[in-house]
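Here the working numbering is used: the first residue of the sequence shown is 1, the next is one more, and so on. Beta carbons are placed, not taken as given, at the ideal position from N, Cα and C, and that holds for glycine. Just below is one structure, and these are the notes that go with it.
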Amino acid sequence: MAENEIDFGYERIQKKEKAERVKSLFRNVASKYDLMNDLMSGGLHRIWKHEFAKALPYRGGNTYLDVAGGTGDIATLILKNLEKYGLQGRVIISDINEGMLEEGLRRAPNLSLDWTCGDAESLPFPDNFMDVYTIAFGLRNVTDKNKALQEAFRVLKPGGKFYCLEFSKVRDCLSPFYDLYSFKIVPKIGRIVAQDENAYRYLVESIRMFPNQETLKSMIENAGFQATSYKNLSQGIVAIHEGRKG
Ligand code: SAM
Numbered sequence: 001m002a003e004n005e006i007d008f009g010y011e012r013i014q015k016k017e018k019a020e021r022v023k024s025l026f027r028n029v030a031s032k033y034d035l036m037n038d039l040m041s042g043g044l045h046r047i048w049k050h051e052f053a054k055a056l057p058y059r060g061g062n063t064y065l066d067v068a069g070g071t072g073d074i075a076t077l078i079l080k081n082l083e084k085y086g087l088q089g090r091v092i093i094s095d096i097n098e099g100m101l102e103e104g105l106r107r108a109p110n111l112s113l114d115w116t117c118g119d120a121e122s123l124p125f126p127d128n129f130m131d132v133y134t135i136a137f138g139l140r141n142v143t144d145k146n147k148a149l150q151e152a153f154r155v156l157k158p159g160g161k162f163y164c165l166e167f168s169k170v171r172d173c174l175s176p177f178y179d180l181y182s183f184k185i186v187p188k189i190g191r192i193v194a195q196d197e198n199a200y201r202y203l204v205e206s207i208r209m210f211p212n213q214e215t216l217k218s219m220i221e222n223a224g225f226q227a228t229s230y231k232n233l234s235q236g237i238v239a240i241h242e243g244r245k246g
């Protein structure tokens, strides 16, 4: 693999092009993004996101940063959980794409979230600032995943926790069905609903190119995190990884 190249799904492109390609892809599907998630996952993405939000630590005064937060699903769940436990906390959502953030703001203008535009690879936040860092279905789209993990480490306070929800390696016995669904059906749903078959083909391919559970765990450790672990959901269709800074 040439050093200046990177995957964009199964396509090889110049590293410097990836961020712009990903940005334009999500800009194009932003208004249909939530509907597409429901259709493609049969609503499962809501259950995965609930499980993810449930796994986070909740303490009064905590600052939560949801990176690649898109239209705000995870940040909203964090806010709701804080409320449920009677706690006050700050929830910041950050995404590289204004289109996704605007769609989220349009949907929930009254939520007390801090919406910020920023790249996971160079976050616009000081060192040792956050108590909890989350990234859901975002790391896959980042050009330099190791750099994003190092940034997560940088912005977390000592003792702060890192959480990632991402598509992962499904159990072998399910692979044939999963492949059939992913490669034959998902792009078709993309074409009909979002008029963008290629965006959803990229989505499926990028899932296959993403590191499996153990590899991602090693990458998180290499970024400096301790006490790393992961939990599979839905037979490994997705996994929740976590780690602690110090
Ligand atoms: N976290 C949200 C969710 O679970 O619904 C959105 C996930 S969506 C699949 C991926 C998001 O990652 C998009 O909103 C996209 O704009 C964002 N993204 C892609 N590359 C990024 C980067 N380098 N830095 C920050 N956000 C990025």
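Cross-strand partners of residue i (DSSP beta bridge)
i, result
"Cys117", "Asp95"
"Glu166", "Ala239"
"Arg90", "Thr63"
"Ser229", "Glu242"
"Glu5", "Gln14"
"Leu156", "Met130"
"Lys161", "Val132 and Arg244"
Between the CA atoms of residue j and residue i - distance to the nearest angstrom
i, j, result
"Leu65", "Arg12", "31 Å"
"Asn232", "Lys16", "33 Å"
"Gly190", "Met36", "7 Å"
"Thr76", "Leu111", "8 Å"
"Asn4", "Arg59", "43 Å"
"Tyr163", "Ala2", "31 Å"
"Thr215", "Trp115", "31 Å"
"Lys147", "Asp172", "30 Å"
"Gln226", "Lys188", "42 Å"
"Glu242", "Tyr230", "6 Å"
"Phe125", "Val91", "13 Å"
"Ser182", "Val204", "6 Å"
"Leu165", "Phe52", "7 Å"
"Phe177", "Ile237", "12 Å"
"Gln235", "Gly43", "16 Å"
"Leu101", "Glu221", "30 Å"
"Arg46", "Ser122", "29 Å"
"Ile185", "Pro109", "34 Å"
"Pro211", "Arg27", "25 Å"
"Tyr10", "Arg201", "9 Å"
"Ser41", "Phe137", "13 Å"
"Trp48", "Ile74", "10 Å"
"Glu197", "Ser175", "22 Å"
"Ala239", "Ser168", "6 Å"
"Gln14", "Lys84", "46 Å"
"Val170", "Asp179", "10 Å"
"Asn81", "Gln213", "27 Å"
For residue j and residue i, believed in contact at Cβ under 8 Å, the rounded distance
i, j, result
"Met219", "Leu149", "6 Å"
"Asn128", "Ser206", "With 8 Å as the limit, Asn128 and Ser206 do not qualify as a contact, their Cβ atoms being about 32 Å apart."
"Asp249", "Ala68", "What the structure shows of the chain is the stretch from 1 to 246, and residue 249 is not part of that stretch, so it cannot be assessed."
"Ala30", "Gly99", "4 Å"
"Ile6", "Lys18", "5 Å"
"Arg244", "Lys145", "In fact, because the Cβ distance is near 19 Å, the residues do not count as touching under 8 Å."
"Asp34", "Thr71", "6 Å"
"Gly61", "Gly89", "7 Å"
"Leu87", "Leu113", "No, Leu87 and Leu113 are not in contact; Cβ-Cβ is about 15 Å, not under 8 Å."
Contact test: residue i Cβ vs the ligand FMN heavy atom, cutoff 8 Å
i, result
"Gly69", "Ligands displayed in this structure: the ligand SAM; the ligand FMN is not among them."
Under the three-state DSSP convention, the category residue i falls into
i, result
"Gln235", "helix"
"Arg244", "strand"
"Lys15", "helix"
"Leu56", "coil"
"Thr143", "coil"
"Pro249", "The chain is shown from 1 up to 246; residue 249 falls before or after that span and cannot be answered."
"Gly136", "Gly is not the amino acid found at residue 136; the sequence shown has Ala there. Strand."
"Arg208", "helix"
"Gly104", "helix"
"Arg171", "coil"
"Gln195", "coil"
"Ser31", "helix"
"Ala68", "coil"
"Tyr85", "coil"
"Ala296", "Since the first and last residues shown for the chain are 1 and 246, residue 296 lies out of range."
Cβ of residue i within 9 Å of any chain C Cβ
i, result
"Lys231", "Going by chain labels, chain C is absent from the structure shown, which holds only one protein chain."
Inset, instruction - Evaluate contact between the region 151-159 and the region 122-138, counting only Cβ atoms and requiring at least three cross-stretch pairs below 8 Å. - result: yes
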